[in-house]
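Working notes for the structure below.
Numbering (our numbering), first residue to last: 24 to 404.
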């Protein structure tokens, strides 16, 4: 009996110590953490003239792991860009703001230890998060089915918290600034929209984009990525039967279609199953700097260009390939006049995100000159 009591006592002590470690406020670590210095004035590109027909604002976001450490930091990062856009006269009741792909996905780091969100390698970040969520992690680990079960498990057990933070931040921004927001993308399990809210269900993970109205509600339409990157293909579900949604409102004098990232690299995404031709194509995007896009292009574009292998040799970077075979190549299939593609850039848990944001209007293309800085692209309709 004494031995049993001793074991129970030791167990309780361990539980208390673990609970204290997990719940120790991350804000206490702020004194030891490097502050984010990238709050300088963003690069500004302004195209066209204000004719009273609304405008599109694309946000190239340069971000780091520390920006995801708390909800407050994440909100401040995005609101800084919104403030600059407002100061430059870009925000009004006929504005649609576009944020990059996966801007919501990295909220999985929210509330974690500095050893996770400041990690210089994603494997170290995963190890830290597994320890912080050890009980819930192993209760759900064997329900995961992908080849990267550890990442899938973490994304699923934190899905509700990630969704809640994502919703609160973008809903608040949309209401405060009175604009429509295409809130980049976020990875969630089988999400649906009901009564202006995002609900998640048991099911496979999807990379999805939601649109917030000026009232802060989520609009019924949402877009799911069909053409997954090589990294995503190990983890996410892709439903190619889903149609491309069209953003339209009585308050907006234009319509927009959302085509996510790699979906812009082929003509099929632009053949929209809609009665109305969109005025603009909006593309939240991201590219890993180390990602080898050659496998995709050589596999999928040889039928359009028999000399694609020679083209691949001539191109210096994924960005060159992207500008050649993305919106500028295919937008005419949709009938849209304007294309806007923005990228998430920065260094997060050892991942190097790197892409040049740009707009296209007719034959005119303007590319943000830097991948290191945040940028705002404003296009008057």
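Cβ atoms here follow ideal geometry from the backbone N, Cα and C, with glycine treated the same way.
query	result
Buried/exposed call for residue 162, threshold 16 Cβ in 10 Å	exposed
Span separating the alpha-carbon of residue 395 from that of residue 204	23 angstroms
Close beta carbons around residue 300, own chain, < 6 angstroms, minus the five adjacent residues each side	358
Exposure label - residue 64; buried when at least 16 CB within 10 Å	exposed
Integer-rounded CB distance, given that residue 305 should sit under 8 angstroms from residue 79	7 angstroms
Rounded straight-line distance, which links the Cα of residue 346 to that of residue 211	29 angstroms
Cβ-based burial, residue 168 [other Cβ within 10 Å; buried from 16]	exposed
Per-residue burial, residue 199 [other beta carbons within 10 Å of its own, 16 or more giving buried]	exposed
Assigned exposure category for residue 262 - 16 Cβ within 10 Å defines buried	exposed
Per-residue DSSP class, three states only, for residue 382	strand
Collapsed DSSP secondary structure at residue 96 in the structure displayed	helix
Close Cβ partners of residue 219 (< 6 angstroms) along its chain, the five nearest in sequence each way excluded	240, 241
Own chain partners of residue 98 with C-beta closer than 6 angstroms, once the 5 adjacent residues on each side are dropped	192
CA-to-CA distance, residue 380 to residue 124, given in whole angstroms	12 angstroms
Backbone CA spacing between residue 256 and residue 249 [nearest angstrom]	10 angstroms
Assigned secondary structure, residue 275 (DSSP; H/G/I helix, E/B strand, else coil)	coil
Bridge partners - residue 369, DSSP secondary structure assignment	86, 376
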